[in-house]
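S.K.: Residues in the sequence shown are numbered from 19 upward in steps of one, following our numbering. One structure coming up, written as structure tokens, with questions to follow.
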Amino acid sequence: MPRFAVLLAIPLLVLSCSPQEETTGSTNKCANNLYGSYNPKDRDQCMDVCIKCDHGVTTTCSTSCMLKGAR
């Protein structure tokens with residue numbers, strides 16, 4: 019019985035460590051719907067897209083845009 023529990027736990031641990039799917043395609047589509055020529059280096063555009071498309075909040079979007087080089 020303990021061997022079965024270990025064999026069951028290993029796949030669950032491996033699955034929990036797998037990376038999440040990228041949502042880049044949907045974010046890019048949303049950004050292009052908001053701005054015809056979306057420029058992630060433009061702080062206002064970056065913030066707007068982050069909040070509306072990625073459902074972010076001001077603080078996390080500000081940090082994200084800064085790390086992307088938006089000014």
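Note that the Cβ used here is the ideal one computed from N, Cα and C, for glycine as well.
What is the rounded straight-line gap between the Cα of histidine 73 and the Cα of aspartate 62?
M.R.: The residue given as residue 73 occupies position 55 in the sequence shown. The residue given as residue 62 occupies position 44 in the sequence shown. Each residue's alpha carbon lies about 16 Å from the other.
S.K.: Starting from valine 67, trace the alpha helix (DSSP H) both ways and give me its first and last residue.
M.R.: As a working mapping, residue 67 is identified with position 49 in the sequence shown. Run containing valine 67: 61-71, per the alpha helix (DSSP H) assignment.
S.K.: Among residues of its own chain, excluding the 5 on either side of proline 58, which ones have a beta-carbon nearer than 6 Å to its beta-carbon?
M.R.: Along the sequence shown, read from residue 1 onward, the residue named residue 58 stands at position 40. Once the five neighbours on either side are set aside, the close Cβ partners of proline 58 are Cys64 and Lys86.
S.K.: Judging by CA-CA distance, which residue of Lys47, Ser44, Cys79 and Pro29 is the nearest neighbour of aspartate 60?
M.R.: Here residue 60 refers to the residue found at position 42 when the sequence shown is read from its first residue. Comparing Cα positions, the closest option is Cys79.
S.K.: Excluding the 5 residues preceding and the 5 following valine 67 in the sequence, name in chain order all residues of the same chain whose CB lies nearer than 8 Å to its CB.
M.R.: One-based indexing of the sequence shown puts residue 67 at position 49. Counting only Cβ-Cβ distances below 8 Å, and skipping sequence neighbours, we find Thr45, Cys48, Ala49, Leu52, Tyr53, Tyr56 and Pro58.
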